[in-house]
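Written below as structure tokens is the structure these notes are about.
Numbering (the working numbering), first residue to last: 2 to 109.
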């Protein structure tokens with residue numbers, strides 16, 4: 002099943018620029034939507050903790066803020082998913098398209 006965050010991202014075409022925020026890691030990136038794909042947590046399918054999920058590969062175009070241990074640079078791909086879930090995603094005009102704390106997320 003596709004989660005609300007990925008549904009929100011999928012409502013925009015590949016190449017759309019987004020601002021992505023992880024508050025705990027003091028990380029803010031700008032990136033473009035590269036592709037959405039199905040993934041898993043790499044456990045055996047028989048494992049009770051096995052999980053399928055959808056993810057979005059974002060190509061980093063700018064690092065606005067990063068903690069000292071963040072190693073991604075412009076041009077790298079970052080996976081956005083329930084495994085690496087940001088706190089908030091915005092368009093470049095500051096319109097929020099998804100927020101972890103929102104009751105109703107903002108799809109266009």
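Where is the CB? At the ideal position from N, CA and C, for every residue including glycine.
Keep in mind the model is a prediction, meaning the values are calculated, not measured.
Query                                                                                                                          : Result
What is the DSSP secondary structure of residue 12, counted as helix, strand or coil?                                          : coil
Please tell me whether residue 112 and residue 61 are closer than 7 Å, where the distance is taken between their beta carbons. : Only positions 2 to 109 of the chain appear in the structure, and residue 112 is not among them; the question remains open.
So for residue 5, helix, strand or coil by DSSP?                                                                               : helix
Hey, residue 9 and residue 98: beta-carbon distance below 7 Å or not?                                                          : yes
So, under 8 Å CB-CB, residue 37 and residue 55 are touching, yes? Tell me the CB distance rounded to an integer number of Å.   : 6 Å
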